[in-house]
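Residue numbers (UniProt numbering): 1 to 202.
To start, the structure under review is shown below, and the notes come after it.
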């Protein structure tokens, strides 16, 4: 991790040079791009390995959503006198960050904190991807179960036979089973909606 995008609040300009992330991080060898608004951040995000947010905690959520539209990367909060004092009312906010840096850290402490932040970020990304895949499988299971129930009712067959029918149709049409199941459910729902009232499946 060598290139950092530093997002700073306009009010942070009152802090001393020794407290500003741009100055501190540059002095220990990092390439730093400063941004005080979305336009500059969007221009500098491509080369950044992580974003350092010198902001009140209440501003972090909106900024993280903006940054992740462009690129997913570790988010680190720069906890200075300014950003900490401006965050007292936001201690309970639902904010996700991967690490914290302070102006008083030694260079080796900053390097290690960034390494741990990167690891935390990648672990979180992996968890989010696994969760996404799990939810997708649950959703697919719902469509397949609905399609099986419809086939059981219409064809007068059991669940195992209905599953076999779905599988064979998917193979014949060279489609995923969930796509075949979704088509069956949607067509069935359209047919049910077109029937006179009182004749729909209960």
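For every residue, glycine included, the Cβ atom is placed at its ideal position computed from N, Cα and C.
Boundaries of the alpha helix (DSSP H) harbouring residue 182: 177-194, taken from the DSSP string. Under the 8 Å Cβ criterion, the stretch 102-118 counts as touching the stretch 17-33, having at least three qualifying pairs. Under the three-state reduction of DSSP, residue 28 is assigned to coil, being neither helix nor strand. Per the Cβ contact rule, the stretch 107-125 is not in contact with the stretch 77-91 (fewer than 3 Cβ pairs under 8 Å). Here residue 147 is buried: its Cβ has 16 or more other Cβ atoms, across all protein chains shown, within 10 Å. In this structure, residue 19 and residue 84 do not form a Cβ contact; the two beta carbons are roughly 11 Å apart against a cut-off of 8 Å. Residue 3 holds the alpha-carbon nearest to the alpha-carbon of residue 47 among 3, 9 and 164.
In the DSSP assignment, residue 112 forms no beta bridge with any residue. Each residue's CA atom was taken as its position, placing residue 96 and residue 65 some 10 Å apart. A direct Cα-Cα distance of roughly 37 Å separates residue 152 from residue 127.
One alpha carbon belongs to residue 98, the other to residue 115, and they sit about 10 Å apart. The continuous beta strand (DSSP E) containing residue 3 extends over residues 3-8.
For residue 45, there is no enclosing alpha helix (DSSP H), as DSSP gives it neither H nor E.
Rounded to the nearest angstrom, the Cβ distance from residue 50 to residue 118 is 7 Å, consistent with a contact under 8 Å.
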